[in-house]
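S.K.: Sharing a structure with you now.
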Amino acid sequence: MKLLLVEDDVEISQMLKEYLITENYEIVCAFDGEEACQKFDSGSYSLVLLDLMIPKISGMEVMQHIRQGSTVPIIIMSAKDTDADKTLGLGLGADDYITKPFSVVEVLARIKANIRRNTQYSKPEAPENEILAIGGLVMNLSDYTVTKRNVKIDLTAKEYGILKLLLQNPKKVYTKEQIYSMIWNDAYLGDENAVNVHISRLRNKIEDNPGTPKYIITVWGIGYKLGDLS
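Residue numbering for the sequence shown follows the working numbering, starting at 944 and increasing by one per position.
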């Protein structure tokens, strides 16, 4: 698998590259935002490792460029570790966030987890023409498309997973811990930001008015459930 590594610190870049090569990944390095956009547009990648503090074009702008036409998993690597920074990064389309300093073992584990989750939603598992639908929103499990009133909606792997979970279990209320454990396939450590941000992004894409959602309902003090649009 080929990964795009965007990191302006040459020592960190070289350390990660050498380690990941031993794990059988092909690594393409970029050292500034312009180079990152150029290399992403000219290649095909399984995942992007993206530092935020890079020259010429910021990491956030690089991520926005990537998200214009791709749902490839993006892992942010940053020394910024406040909740606001993490929320902003996830809100703009990142799938994961690693705070510097980090261990290469942690980076490898996050890479494998994100590629595994993305692969789960990109290979056929459902019978052809298996459809989940509610209130004009249609999810086709055979080709992994989502449409609303016949207009295609582009979702990331996690957004797709959350929506699929709710559509398949319309009467069930899921806690944030359950959603995180099932969609992130990882232990929940009490950080609600990841779930909150992805729910917010999903609402912005599927709701008529995200401020008064009808598809994804908040059950205060518990979690989320599918709205009753029957």
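Even glycine gets a Cβ: it sits at the ideal position worked out from N, Cα and C.
Note that this is a predicted model, so its numbers are computed, not measured.
(1) What are the partner residues of Gly-1166, as DSSP defines its beta bridges?
(2) Using 8 Å as the threshold, is the C-beta distance between Ile-964 and Ile-955 below it?
(3) Using the beta-carbon count (16 or more within 10 Å), is Ile-1149 buried or exposed?
(4) Got a sec, what are the start and stop residues for the alpha helix (DSSP H) Glu-978 sits in?
(5) Please report the distance separating the alpha-carbon of Arg-1060 from that of Leu-1109.
(6) Please check the pair Gly-1036 and Thr-1088, which I expect to be a contact at CB under 8 Å, by giving their CB distance rounded to whole angstroms.
(7) May I ask which residues mark the beginning and end of the beta strand (DSSP E) holding Asn-1139?
(8) Do the CB positions of Leu-990 and Val-1015 come within less than 8 Å of each other?
(9) Nearest chain C C-beta to Gly-1079 closer than 8 Å, yes or no?
(10) Taking DSSP's pairing of strands, which residues face Asp-1039 in a bridge?
(11) Since I believe Lys-945 is in contact with Glu-915 (beta carbons under 8 Å), could you give me their beta-carbon distance rounded to a whole number of angstroms?
(12) Can you name, in chain order, every residue of its own chain whose Cβ lies under 6 Å from the Cβ of Gly-1166, other than the five neighbours on each side?
(13) Do you know offhand how far Lys-1043's Cα is from Pro-1153's?
(14) So what does DSSP say about Leu-1080, is it helix, strand or coil?
(15) Does Ile-1058 come out as helix, strand or coil in the three-state DSSP assignment?
(16) Could you spell out the range, first to last residue, of the beta strand (DSSP E) harbouring Lys-1091?
M.R.: Based on what the coordinates show:
(1) Thr-1118 and Val-1162
(2) no
(3) buried
(4) 976 to 984
(5) 17 Å
(6) Actually they are not in contact, since the Cβ atoms of Gly-1036 and Thr-1088 sit about 19 Å apart, beyond 8 Å.
(7) Note, Asn-1139: premise wrong, no beta strand (DSSP E); alpha helix (DSSP H) at 1136 to 1149.
(8) yes
(9) Absent from the structure is chain C; it holds one protein chain and no more.
(10) Ile-1018
(11) Summary: the structure shown does not reach residue 915, with the chain confined to residues 944 through 1173, and so no result is reported for it.
(12) Val-1116, Tyr-1117, Thr-1118 and Lys-1119
(13) 34 Å
(14) strand
(15) helix
(16) 1088 to 1091
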